[in-house]
Amino acid sequence: MPEFMELLKSAFNESANYLTWSFFSIVAGFAFYQVKQKRKKKTKPIGVWEKGMYNFYALIFLVVGAVNILYIVDVFKNTVGSLSAVFMGLFAVLVGVNAGMVVWGQADKRDE
């Protein structure tokens, strides 16, 4: 059992940076999407280039977040085992979804 705990400790130490990058990248992607949705509601029409820019940056940030989640899964698979990597990947996805909910919740709270 102590060996397993040491493996978990080293896996968490190696994957902490990836989790931070994935979390903030997914938050930024959701924030860009939210800004685009707000701009659509305004009376001034949004241009094609502006839509493209928002979509491009949102996509880039979401891809960076997804790649970092894959790195987290890889670190856990190499350190602890394949079964724990699946659970850690699901946990990282839940963190990202929670980040998106926070962004939308804060935007809705400001609108009220």
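In this note's numbering, the protein residues as written are 93 to 204. Every residue, glycine too, gets a C-beta built ideally from N, C-alpha and C.
Compare the C-alpha of residue i against each of the options and name the closest.
i	options	result
V156	N109, P94, A177 and V172	N109
Y149	V127, L175, A191 and S176	V127
A177	A191, G192 and A103	A103
N190	S117, N105, P94 and F96	S117
M193	Y125, F96, N105 and E95	Y125
Can you give the Cα-Cα distance for residue i and residue j, rounded to whole angstroms?
i	j	result
V195	L154	14 Å
M145	V119	17 Å
A123	V159	19 Å
V140	G197	27 Å
N147	T112	23 Å
K101	F179	16 Å
E142	N105	40 Å
Ordered along the chain, which non-local residues of its own chain (more than five positions away) have a Cβ less than 8 Å from that of residue i?
i	result
L99	T171 and V172
I161	Y110, S114, G181, A184, V185 and G188
F96	V172
P94	none
Report yes if the C-beta of residue i is less than 7 Å from at least one heavy atom of the ligand SAM; otherwise report no.
i	result
E142	Absence of the ligand SAM is noted for the structure shown, with no ligands found whatsoever.
So, at 6 Å on beta carbons, what are the nonlocal neighbours of residue i in its own chain, with the 5 sequence-adjacent residues on each side left out?
i	result
S107	I164 and V167
G121	A150, F153 and L154
K169	A177
S205	Because the chain here runs from 93 to 204, residue 205 falls outside it and cannot be looked at.
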